[in-house]
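In full-length UniProt numbering, the protein residues as written are 1 to 316. For every residue, glycine included, the Cβ atom is placed at its ideal position computed from N, Cα and C. Computed from a prediction, not measured in an experiment: that's the story for all the values here. Remarks on the structure that follows.
What follows is the structure in structure tokens.
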């Protein structure tokens, strides 16, 4: 174990890894909430422009996909709303103007837009669009401060290496300091992993459970689940992870029920036995058991301990 100490308490180094959009940032925000109980007002305000930008950019992604998929807007009056979306900057600053609120509301209600969104596995779009579109009136309200749920659902691409510190104490005064290290999951960022991997005690690997029908951002010829499996095998077999224990976390479980209806798992993972009956909860449980077998069944040389945490913080 590569364990230092801070004062009288040991420092436990935790490295969070996973592909892009696998839920690493959401996990970190959830950890912060568990530690602090609530985001401060100033912290919450800082997420407003992220929520705004996520909403606008996701709406734009669907509109762009409509062109490629040759799906027209059903309400011709929405063409001007599409123009409003396309003329927005990448980063929304200051406020969410009324014309943007109206554009998102009307476009989300358009049958053509909905048809394109249902085919979202064929292009890249954040899965949080339905949430923010349904709350756009609140996002556009003067003095908007994101709720904890809003914050958990925001998405920002991680680049470089970031570190967060947590102190955990028991009632008897004993405790430990956790140094949590987050490294970007894009392919271009993965060369940085081994620089910090040698000295960590635990590697947390996040797996987007809903990725079975999605393609990779960096390479739209590669299935995201296949990429995650390859990453897991590479990490657990790497020499730099020899002394680390592993924690495997499945994320975005809340997306599965709706996704199963549109995209049957067996269509993308032929070895998965699609249940012919049973409740949605049973289908989800069976799929997660399948994923557990796939990931924990990977033969490894250096995986001293492998655990599974079924994590759904309300938004993973």
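- DSSP places residue 112 in the uninterrupted alpha helix (DSSP H) bounded by 111 to 118.
- Between residue 132 and residue 51 a beta carbon distance of about 6 Å is seen, short of the 8 Å cut, so the two are scored as contacting.
- Sequence-distant partners of residue 118 (beyond 5 residues in either direction) whose C-beta falls short of 7 Å from its own C-beta, in its chain, are 262.
- In the three-state reduction of the DSSP assignment, residue 224 falls in the helix class.
- Excluding its 5 nearest sequence neighbours in each direction, residue 111 has C-beta neighbours in its own chain below 6 Å: 74, listed in chain order.
- When beta bridges are read from the DSSP output, residue 13 appears opposite 179.
- Between the C-alpha atoms of residue 19 and residue 225 there is a straight-line separation of about 10 Å.
- At least 9 Å separates the beta-carbon of residue 76 from that of residue 116.
- Here residue 284 carries a helix assignment [DSSP, helix/strand/coil].
- Residue environment for residue 208: buried (at least 16 other C-beta atoms within 10 angstroms of its C-beta).
- Counted as a single uninterrupted DSSP element, the beta strand (DSSP E) harbouring residue 163 occupies residues 161 to 169.
- Within a 10 Å sphere around the beta-carbon of residue 239 sit fewer than 16 other beta-carbons, which makes this residue exposed.
- In the structure shown, the three-state DSSP call for residue 269 is coil.
- Scanning its chain for C-beta atoms nearer than 6 Å, with the 5 sequence neighbours on each side dropped, one finds around residue 81 the residues 103, 106, 107, in chain order.
- Exposure of residue 156 is indicated by the presence of fewer than 16 other C-beta atoms within 10 angstroms of its C-beta.
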